[in-house]
Amino acid sequence: MIQKHIFVKDIKIGNDLPFTLIAGPDSIESVDHALFMARSISEITHSLNINYIFKASYDKANRTSVKSFRGVGIKQGKRILKIIRNTLNIPVTTDIHSPQEAQSMGKVVDLIQIPALLSRQTDILIAAGKTNKTVNIKKGQFVAPHDIQNLIDKVLFTGNKNVLITDRGSTFGYNDIIADMRGLVIMKKTGFPIMFDASHTVQFPSSLAHISGGDRSLIPPLARAATAVGVSGIFMEVHDKPDLAPVDGLNSLYLKDLRSLLKELIKIDSIVKNNEK
Numbered sequence: 178m179i180q181k182h183i184f185v186k187d188i189k190i191g192n193d194l195p196f197t198l199i200a201g202p203d204s205i206e207s208v209d210h211a212l213f214m215a216r217s218i219s220e221i222t223h224s225l226n227i228n229y230i231f232k233a234s235y236d237k238a239n240r241t242s243v244k245s246f247r248g249v250g251i252k253q254g255k256r257i258l259k260i261i262r263n264t265l266n267i268p269v270t271t272d273i274h275s276p277q278e279a280q281s282m283g284k285v286v287d288l289i290q291i292p293a294l295l296s297r298q299t300d301i302l303i304a305a306g307k308t309n310k311t312v313n314i315k316k317g318q319f320v321a322p323h324d325i326q327n328l329i330d331k332v333l334f335t336g337n338k339n340v341l342i343t344d345r346g347s348t349f350g351y352n353d354i355i356a357d358m359r360g361l362v363i364m365k366k367t368g369f370p371i372m373f374d375a376s377h378t379v380q381f382p383s384s385l386a387h388i389s390g391g392d393r394s395l396i397p398p399l400a401r402a403a404t405a406v407g408v409s410g411i412f413m414e415v416h417d418k419p420d421l422a423p424v425d426g427l428n429s430l431y432l433k434d435l436r437s438l439l440k441e442l443i444k445i446d447s448i449v450k451n452n453e454k
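Just so you know, the sequence shown maps onto residues 178 to 454 in this note's numbering.
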């Protein structure tokens with residue numbers, strides 16, 4: 178299978194190219210914190226020659242409880258993402274939850290992310306495709322790897338060929354997610370860039386009554402395993418103080434641990450892709 182290459186701003190992404198990192202705090206907390214995180218991660222990735230896309234959400238519309246933290250909202254989210262993009266000159270991404278949000282955020286971000294729980298919603302996928310921005314479809318926990326082409330085709334229907342898929346695990350009974358590395362191999366057969374979400378794959382959905390649990394100690398080994406399969410990128414939620422994060426702190430890597438993990442991933446990625454040539 179010929180591997181397709183896509184662009185996010187000036188970053189070229191493909192399963193046969195050095196991996197790209199999509200990372201940031203799960204949610205935008207404030208302009209100062211978002212800028213701090215984006216700048217900190219950007220400095221690390223720049224020093225390691227890793228392509229980097231900043232990610233943070235403005236609205237957590239799929240939370241477990243109606244009382245859960247939702248975010249700063251679309252108006253503030255657009256403003257803050259613009260500031261990060263223009264101040265640091267890095268591409269940015271966020272997730273959208275309706276066709277209308279796709280149109281609005283498509284004017285601000287470089288990459289539109291489709292949440293896993295909405296990954297089969299045809300209207301959202303088509304609206305995202307019509308923005309002509311690259312579309313990152315988070316594979317639903319309920320979607321089989323060999324069915325992923327159906328989701329890709331919904332975006333391709335609009336004439337937009339810039340699509341990538343991010344695997345965030347598969348439902349395993351109740352309140353659990355499993356990362357099946359076979360799925361990465363299967364999805365790579367589409368030729369489209371496949372990324373791996375090393376944060377949500379360590380999640381225990383809704384396991385703590387009104388919130389989801391997780392085990393961040395599993396992020397590094399799963400990131401290493403996925404990189405060894407030969408993916409186009411790694412998605413991670415990173416936070417300077419994850420235990421104080423309003424969303425998904427248990428699934429977030431400590432900022433202080435990011436550099437050492439990325440150094441390991443560079444070595445693995447290089448070995449795998451040099452051997453595949």
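The beta carbon of each residue, even a glycine, is placed where N, CA and C say it ideally should be.
Predicted, not measured: the structure shown is a model, and the values here were computed from it.
In the DSSP assignment, Phe184 is bridged to Lys189. If you draw a 10 Å sphere on the C-beta of Phe184, you find fewer than 16 other C-beta atoms in it, and that means exposed. Around the beta carbon of Glu278, 16 or more other beta carbons lie within 10 angstroms, which makes this residue buried. Beta-bridge pairing by DSSP links Gln380 to Gly391. Pairing Thr271 with Ser234 gives a Cβ-Cβ distance under 8 Å. Between the alpha carbons of Gly191 and Pro423 lies a distance of about 33 Å.
Excluding sequence positions up to five before and after Leu442, its CB lies within less than 8 Å of the CB of Phe196, Ala400, Arg401, Thr404 and Ile411, all in the same chain and listed in chain order. The straight-line gap separating the alpha-carbon atoms of Thr378 and Ile303 is approximately 27 Å. Bridge pairing for Leu288: Thr270 and Thr311 [DSSP]. If you ignore the 5 residues before and after Ala293, its C-beta comes within less than 7 Å of the C-beta of Lys315, Lys316, Gly317, Gln318 and Arg345, all in its own chain and listed in chain order. According to the DSSP assignment, Ala200 belongs to the beta strand (DSSP E) that extends over Thr197 to Gly201. C-alpha of Phe231 to C-alpha of Ile289: approximately 12 Å in a straight line. Taking the Cα of Phe349 as reference, the smallest distance to any Cα among Asn327, Asn428, Lys338 and Pro382 is reached at Pro382.
Contact check for Gly250 against Ser204 fails: the beta carbons are separated by 8 Å or more.
Within the region 292-379, complete alpha helix (DSSP H) segments of at least 4 residues are found at 299-307, 325-333 and 358-365, given in chain order. When the alpha-carbon of Ala215 is set against those of Val408, Leu439, Val415 and Met282, the nearest one is in Val415.
The straight-line gap separating the alpha-carbon atoms of Lys186 and Arg256 is approximately 19 Å.
In this structure, the alpha-carbon of Ile371 lies about 31 Å from that of Leu421.
A straight-line Cα-Cα distance of about 12 Å links Met364 and Asp357. With a 10 Å radius around the Cβ and a threshold of 16 neighbouring Cβ atoms, Asp300 comes out exposed. Between the C-alpha atoms of Thr311 and Pro276 there is a straight-line separation of about 15 Å. For Glu414, the uninterrupted beta strand (DSSP E) run begins and ends at Gly410 to His416, by DSSP.
For Ile355, the number of other beta carbons within 10 angstroms of its own is below 16, and it is reported as exposed.
DSSP places Asn239 outside any beta strand (DSSP E), giving it a letter other than H or E.
Within the same chain, Pro397 come within 6 Å of Leu438 by CB-CB distance, once the 5 residues on both sides are set aside.
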